[in-house]
Amino acid sequence: MLFKRKIYQKLVDWKNLSQGKTAVMIEGARRIGKSTIAEEFAKNEYQDYLILDFARESEDVKHLFTDSLGDMAGFFRRLFVFKGKSLPEREAIIILDEIQMFPEARQAIKYLVQDGRYDYLETGSLIRIRKTSKEILIPSEEERISMFPMDFEEFLWAQGDSYSYSVIEDAFRNRESLGAAMHRKIMSRFRDYMAVGGMPQAVRAFVDGGNYEQIDYMKRTILKLYEEDLKKYDDDNREKASIIFKAIPEQLSNHNSHYRLSTVDKNARYRDYVESVGLVAESMIGNECIGVTKPAVDLEAYADKSDFKLYMGDTGLLLTAMARYGDDTVDINDIYRAIISDHTGWDLGPVMENIVSQMLKCSGHDLYFHRFSYQPEGNNRPNPYELDFLTVRKKKVCPIEVKSSGYKRHASFDYFKEKYQLKMEDRFIIYSKDFKAEDSLMYIPVYMTGCI
1175 MLFKRKIYQK LVDWKNLSQG KTAVMIEGAR RIGKSTIAEE FAKNEYQDYL ILDFARESED
1235 VKHLFTDSLG DMAGFFRRLF VFKGKSLPER EAIIILDEIQ MFPEARQAIK YLVQDGRYDY
1295 LETGSLIRIR KTSKEILIPS EEERISMFPM DFEEFLWAQG DSYSYSVIED AFRNRESLGA
1355 AMHRKIMSRF RDYMAVGGMP QAVRAFVDGG NYEQIDYMKR TILKLYEEDL KKYDDDNREK
1415 ASIIFKAIPE QLSNHNSHYR LSTVDKNARY RDYVESVGLV AESMIGNECI GVTKPAVDLE
1475 AYADKSDFKL YMGDTGLLLT AMARYGDDTV DINDIYRAII SDHTGWDLGP VMENIVSQML
1535 KCSGHDLYFH RFSYQPEGNN RPNPYELDFL TVRKKKVCPI EVKSSGYKRH ASFDYFKEKY
1595 QLKMEDRFII YSKDFKAEDS LMYIPVYMTG CI
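Here's what the structure looks like:
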């Protein structure tokens, strides 16, 4: 059984709108299901398809992309001989899988699309694509669609639940609570989602009834792949991305989750690590949240990239990484128990922040935060405050704060409003309780984050 994924409809939309005038690349981290969804799309939406896996293709096939593009009829004639099949024109798609292994094929997209006989879909590892893209001219005929780990709705679909998320969306839209029974049920499912994460292999183990030891094994395998990719990139480019990635769990435990390079290297300077941080974020195995000096609608214009947080791209992987990269005394079973039982004796702050960052990113939001000082009436001096996330909704600034435990105090929200006097679309406090509106704030359960 294949999991239902939202990106499938985006691929259908691309096919219908492009009409063969562009190719499409599925961008995303390794092991999130890019190749699987590409082949499923090809099977269902075309009369026939051909997969060229450049991790395995013969040199004969590869040479076609460098020696035969001047004669497209000859190119396809030879390709079909080498692959042992032909394709009906304008009714088939060619999947260029593991495209990072042979960048010349990506560069050839320009000529393949212009030829017009077939549609083209590319997939590959973004870590290595980042390197190989420097060696070629990126074709303007290439569109890109981002693919993320499975979101909460997809996680519910995987368990045969196609109803609950519509209830969540309706409650958010109508600004209503779900009621105690429904909230408990969905929150229980959401704790499972935080523990398992959205990597298809881990979700498959969960759906098939695997225990957390088996689920964690799948996630450790994925983390090891990421480590190997990053280490290879570092060795080839004298970078430190593998160090940056492994330090994410420790950094999230810092005050306000700020990434402190000095804890990685006491002599570290941001300029020495900027490429490594960028690689982790661009490869979509991490989500970068950047500080802004001013809370304006054009947040990027005020971004201070040296002031940043770095979250794990998948929260399930974060939990496994906490044990894998963290203190030897950390027991992964203790972490899982704390998550699925809502155990308040364990600090869930980093996990809550991470899952919120993941859900916001998956929903199309860029991630920003804001630090500011404010002197409340009666105080002798200004105090520092911070908003966990800032985004823009309906052309207005939207502040977001994450609460893992108590929610009564929200001084940063109050002083932010007093200091900047902004017209704000909404103000959200994300927590683990049911929806409620109070004091011009919306308190939303964490499973509603994807509705923002």
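So in this note's numbering, the last one in the sequence shown is 1626, and the numbering has no gaps at all. For each residue, glycine too, the CB sits at the ideal point set by N, CA and C.
Please go through the region 1191-1245 and give each complete beta strand (DSSP E) segment of 3 or more residues, from N-terminal end onward. If we require 3 residues or more, the beta strand (DSSP E) runs fully inside the region 1191-1245 come out as 1197-1201 and 1222-1227.
Determine the DSSP secondary structure at Y1339, reduced to helix, strand or coil. Reduced to three states, the DSSP call for Y1339 is helix.
Quick one: measure Cβ to Cβ for I1310 and Y1294, integer angstroms, because I've assumed they're closer than 8 Å. With a contact defined as Cβ atoms closer than 8 Å, I1310 and Y1294 miss out at about 16 Å.
Reference R1434; option with closest CA among A1415, D1390 and F1482: Cα-wise, what sits closest to R1434 is F1482.
Around the Cβ of D1488, are there at least 16 other Cβ atoms within 10 angstroms (buried) or fewer (exposed)? D1488 sits buried, since 16 or more C-beta atoms from the chains shown fall within 10 Å of its C-beta.
Proximal residues to G1460 (C-beta, below 7 Å), its chain only, five neighbours per side dropped: Closer than 7 Å at the Cβ level, and outside the excluded window around G1460, lie F1419, I1422, V1454, L1484, Y1485, M1486 and G1487.
Does R1179 pass the burial test, meaning 16 or more other C-beta atoms within 10 Å, or should it be called exposed? Label assigned to R1179: buried.
Among Y1542, K1414, M1622 and M1324, which has the Cα closest to the Cα of D1472? Residue Y1542 is the option with its Cα nearest to D1472.
Which value, in whole angstroms, describes the spacing of the CA atoms of K1610 and I1604? Between K1610 and I1604, the C-alpha separation is close to 11 Å.
Mapping DSSP to helix, strand and coil, what is T1297? Note: T1297 maps to strand in three-state DSSP.
Using 10 angstroms around the beta-carbon of N1528, count the other beta-carbons present and answer buried if the total reaches 16, otherwise exposed. It counts as buried.
For P1556, which three-state DSSP category applies? In the structure shown, P1556 sits in coil (DSSP, three-state: anything other than H, G, I, E or B).
Closer than 6 Å by C-beta to D1335: which residues in its own chain qualify, once you throw out the five before and the five after it? Chain order, please. No residues qualify anywhere along the chain.
With DSSP collapsed to three states, give me the class of N1348. If DSSP states are grouped into helix, strand and coil, N1348 belongs with the helices.
Based on Cα-Cα distance, which residue from S1457, V1235, I1574 and F1326 lies nearest to K1591? Comparing Cα-Cα distances from K1591 to each of S1457, V1235, I1574 and F1326, the minimum goes to I1574.
Judging by CA-CA distance, which residue of L1330, S1338 and Y1594 is the nearest neighbour of T1467? When only C-alpha atoms are compared, the closest one is Y1594.
Ordered along the chain, which non-local residues of its own chain (more than five positions away) have a Cβ less than 7 Å from that of A1442? The answer, listed in chain order, is L1435 and S1436.
For S1606, does the three-state DSSP call read helix, strand or coil? Per DSSP, reduced to three states, the secondary structure at S1606 is coil, with no helix or strand assignment.
Applying the criterion that 16 or more other CB atoms from any shown protein chain within 10 Å of the CB defines a buried residue, is E1387 buried or exposed? Counting C-beta atoms within 10 angstroms of its own C-beta, E1387 has fewer than 16 neighbours from the protein chains shown and is therefore classed as exposed.
What separation, rounded to the nearest whole angstrom, lies between the Cα atoms of R1363 and F1602? Whole-angstrom Cα-Cα distance: 22 Å.
Going by DSSP, which residues form a beta bridge with P1619? Bridge partners of P1619: Y1605.
Opening and closing residue of the alpha helix (DSSP H) in which M1496 lies: Residues T1489 to Y1499.
Taking Cβ positions, are P1524 and S1427 nearer each other than 8 Å? Closer than 8 Å, so yes.
For the ligand FMN, is there any heavy atom lying closer than 7 Å to the beta carbon of T1196? Of the ligands one can find in the structure shown there are none, so the ligand FMN has no counterpart to examine.
Could you tell me which of K1577, P1619, G1207 and E1551 sits nearest to M1373, measuring between CA atoms? The option with the nearest alpha carbon to M1373 is G1207.
Is E1201 closer than 8 Å to K1319 when the C-beta atoms are compared? Sequence check: residue 1319 is Ile here, not Lys. Taking 8 Å as the Cβ cut-off, I1319 and E1201 qualify as a contacting pair.
With DSSP collapsed to three states, give me the class of Y1407. Looking at Y1407 - three-state DSSP - the assignment turns out to be helix.
Could you give the DSSP three-state label for T1565: helix, strand or coil? When DSSP states are grouped into helix, strand and coil, T1565 belongs to the strand group.
Compare the Cα-Cα distances from S1578 to each of Q1549, M1246, N1557 and Y1617 and report the closest residue. Comparing Cα-Cα distances from S1578 to each of Q1549, M1246, N1557 and Y1617, the minimum goes to Y1617.
Could you say which of Y1581, K1597 and D1409 lies nearest to D1608 if we only look at CA atoms? The candidate whose alpha carbon is nearest that of D1608 is Y1581.
First and last residue of the uninterrupted beta strand (DSSP E) at N1461: G1460 to V1466 is the span of the beta strand (DSSP E), which, as asked, contains N1461.
Local Cβ density within 10 Å of K1393, reported as buried at 16 or more and exposed below that: Buried: at least 16 other Cβ atoms inside 10 Å.
Reference R1365, options I1514, R1583 and C1536, closest by Cα: Answer by Cα proximity: I1514.
Just how far apart, CA to CA, sit S1457 and E1265? E1265 has its alpha-carbon roughly 32 Å from the corresponding atom of S1457.
Cβ pair S1606, M1361 closer than 8 Å: Yes; because the gap between Cβ atoms is below 8 Å, this pair is in contact.
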